[in-house]
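Protein chains in written order, with our numbering: chain A, 38 to 380; chain B, 76 to 414.
Quick reminder that beta carbons are idealized off the backbone N, C-alpha and C, glycines included.
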């Protein structure tokens, strides 16, 4: 990051993961699809960072890169100040363990033929996290207790199909914890469970963060959930492969700067009839999201943006910078120039 | 939107539906009663397994073979004032009823559109099955597509895969209105779509409702969407409607402990830092439901009576709403504050 707003981007905590100029593209039908473009991001130790955006914005790809499941096409990822490429041998193995991911679908991510005990013991044995059978059993019980799957004795012999969606997601989290990670990427980890159970899972993640000093990268399309979960942390809003706005959650939610963030926040229905019916929505110039193979030049949002300025927005690519009167960073040239107050 | 509270188009009484499973009968819907008025939007909210989708399938008589309707009636009133009981209909009568009197919009637009048929084929086939000519069908379809803010001519000649998710969902919404039904049943129509797409679908729905004045039964687990579009909200738990009433009553003056607990678990974007509470435990077994109030095992307001005696449905405001909770007074005192 070589912008003048670096101070607001970095967290007070020591950065655990740094993404610098990350690009990632995929090839499909001989067409190159640029999914991520110039992602610069820091995740501090013990921080909560929320990645939000609509489908196709690149939030899952970013999460997979952070978790080490995908290599960037270009750019550098650093962990504890060292480029990931410099890690070798045992250090590399340790690094892989430190970055874990919890997937969205707890029905697809647990092997139906294995008991909960098996699911937790495989990584414990494979990575020699415990010594001997008694210690293994003790650790499994400890993990199950940690994720509130009690009594553990009843749980170890069960198969995934005997559990509810919420319980399975607890198993997924316990499995991620087997290797004592420093960071967990939770990719839509609560989208498939019921309203009443979501909050329990989120509270549990927050508690585990406290107890274990975990860093959490939380990926969601649900802004209200992001607000609740990351209130003490930061939110990054993504659009067509770029971060368009990033800052402390209360700043971004209460005073959104980027026109896209404003449009998103204004569009979200709220669980309060009077509030949601009197919400001022922002009309976009177009309802259609451009294809990733045909990203508009300049600011990718310009064909839809209600505050579009000809010559500026379609000619120059905006980069994340601080803007006058704002605590967060935003990639919008008019906002950076002090236009578009309020929000 | 004109809400005619004098004209009831659908009146459901004591409807019970069960499934035969290996372990016994699953009582998925128990003694459900409600009225749907002309121009009214009724949101059925509840979590998975509460019976809302089974109720939906019963209302269109499309229940799977292992399900049976054990009791009750579904009275439908035609525009000319005739009233019939849907449960007396045979298959032919039901086919005539669907689409022309009551149509459906399901979740996941891609699954409900046949991939090898153009939108035009769907329009002509649906119209022909109900005795409407091609020209009339074409005119109606193009008007509706414009009303849902689609490029009418382009969409008319498209295959489903040529359209985005939001476009497909709007096509389904338009198609559901092709035969001018009095009722449209929507099962989670905005669940799998993005925020801005959801916004455009909700806006289109509100506008269509104002122009065409149909009634909507909206099935959702999303409290925010219900808060936005419903006139009346019904909360379902373990197969029963436990509370039903005008949207503001249900949200700001909840009378059932389950409704309040559900609301207290829903984050609100504009509410700043919020304390949310989840509901402990999981929904009860519907083969052997607990005695008394079915929610008592998870309820924060539980009293000894709740464990033994099912709470009666109590009406308030001369019948505008009703709730079945022994602890209404305490629940009311804790009502959720407006943002």
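Interface partners of residue i on chain B, CB under 8 Å
i	result
residue 318 of chain A	274 and 278
residue 300 of chain A	271
Under 7 Å from the C-beta of residue i: neighbouring residues of chain B
i	result
residue 274 of chain A	Residues of chain B passing the Cβ test: none, with the nearest at roughly 11 Å.
residue 237 of chain A	353
Nearest to residue i (by Cα), restricted to the options the options
i	options	result
residue 304 of chain A	B:270, B:394, B:85 and B:398	B:270
residue 230 of chain A	A:252, A:246, A:219 and A:200	A:200
residue 290 of chain A	A:165, A:274, A:181 and A:279	A:274
residue 183 of chain A	A:215, A:82 and A:125	A:215
residue 51 of chain A	A:250, A:302 and A:292	A:250
residue 213 of chain A	A:181, A:192 and A:233	A:181
residue 265 of chain A	A:236, A:324, A:284 and A:245	A:236
residue 138 of chain B	B:88, B:278, B:93 and B:123	B:93
residue 67 of chain A	A:330, A:139, A:153 and A:308	A:330
residue 327 of chain B	B:102, B:376 and B:408	B:408
residue 297 of chain B	B:171, B:386, B:262 and B:194	B:262
residue 191 of chain B	B:390, B:237, B:131 and B:347	B:237
Closer than 8 Å: residue i CB and nearest the ligand FMN heavy atom
i	result
residue 103 of chain A	Of the ligands one can find in the structure shown there are none, so the ligand FMN has no counterpart to examine.
Sequence-distant residues of its chain with Cβ nearer than 7 Å to residue i (five each side left out)
i	result
residue 174 of chain B	201, 205, 254 and 256
residue 276 of chain A	90, 94, 297, 337 and 338
residue 43 of chain A	With a pLDDT of only 39 at residue 43 of chain A, under the threshold of 50, the placement of this residue in the model should not be trusted; the figure read from the coordinates follows. So no residue of the chain qualifies.
residue 374 of chain A	none
residue 61 of chain A	72, 73, 98, 102, 107, 109 and 110
residue 386 of chain B	368, 399, 400 and 401
residue 129 of chain A	none
7 Å Cβ cut-off: residues of chain A touching residue i
i	result
residue 354 of chain B	233
residue 302 of chain B	306, 307, 308, 309, 310 and 313
residue 19 of chain B	This structure cannot settle anything about residue 19 of chain B, because the visible part of chain B is limited to 76 through 414.
residue 122 of chain B	231, 232 and 233
residue 348 of chain B	268
residue 326 of chain B	309 and 310
residue 357 of chain B	201
residue 345 of chain B	307 and 312
Residue i: contacting residues in chain A (beta-carbon distance under 8 Å)
i	result
residue 413 of chain B	309, 311 and 312
residue 322 of chain B	310
residue 239 of chain B	325 and 326
residue 338 of chain B	308
Endpoints, the beta strand (DSSP E) within which residue i is located
i	result
residue 65 of chain A	52-65
residue 307 of chain B	307-312
residue 106 of chain B	99-113
residue 294 of chain B	290-295
residue 381 of chain A	Outside the modelled stretch of chain A, which goes from 38 to 380, sits residue 381 of chain A, for which no answer is possible.
residue 111 of chain A	111-116
residue 160 of chain B	158-160
residue 354 of chain B	Residue 354 of chain B -> no beta strand (DSSP E), and no H or E assigned at all.
residue 275 of chain A	271-276
Assumed close pair residue i, residue j - CB separation to whole angstroms, cut-off 8 Å
i	j	result
residue 305 of chain B	residue 116 of chain B	5 Å
residue 112 of chain B	residue 84 of chain B	7 Å
residue 356 of chain A	residue 368 of chain A	6 Å
residue 344 of chain A	residue 321 of chain A	At roughly 11 Å, the Cβ-Cβ gap does not stay under 8 Å, so residue 344 of chain A and residue 321 of chain A are not in contact.
residue 342 of chain B	residue 349 of chain B	6 Å
residue 324 of chain A	residue 233 of chain B	About 16 Å separates the two Cβ atoms, so there is no contact after all.
residue 220 of chain A	residue 135 of chain A	7 Å
residue 78 of chain A	residue 256 of chain A	Rounded, the Cβ-Cβ distance is 13 Å, inconsistent with contact.
residue 143 of chain A	residue 244 of chain A	Rounded, the Cβ-Cβ distance is 19 Å, inconsistent with contact.
residue 327 of chain A	residue 334 of chain A	Between residue 334 of chain A and residue 327 of chain A the Cβ distance is about 11 Å, and since that is not below 8 Å, they are no contact.
Close-in-space but distant-in-sequence residues of the same chain around residue i (CB under 8 Å, 5 per side omitted)
i	result
residue 132 of chain A	105, 116, 121 and 124
residue 353 of chain B	340
residue 290 of chain B	84, 85, 111, 112, 113, 114, 115, 116, 117, 257, 258 and 259
Terminal residues of the alpha helix (DSSP H) in which residue i lies
i	result
residue 196 of chain A	Taken as a continuous stretch (DSSP letters only), residue 196 of chain A belongs to no alpha helix (DSSP H), as it is neither H nor E.
residue 71 of chain A	That residue, residue 71 of chain A, is in no alpha helix (DSSP H); its beta strand (DSSP E) goes 68-81.
residue 156 of chain A	153-163
residue 198 of chain B	194-204
residue 300 of chain B	298-304
residue 175 of chain B	166-175
Chain-order list of residues whose beta-carbon lies under 6 Å from that of residue i (same chain, five-residue window excluded)
i	result
residue 315 of chain B	105
residue 220 of chain B	227, 230 and 249
residue 136 of chain B	169
residue 324 of chain B	396
residue 240 of chain B	268
residue 336 of chain B	354
Chain-ordered chain A contacts of residue i [CB-CB under 9 Å]
i	result
residue 296 of chain B	231 and 232
Chain B contact residues for residue i, given Cβ-Cβ distances below 9 Å
i	result
residue 258 of chain A	269 and 270
residue 290 of chain A	344, 345 and 347
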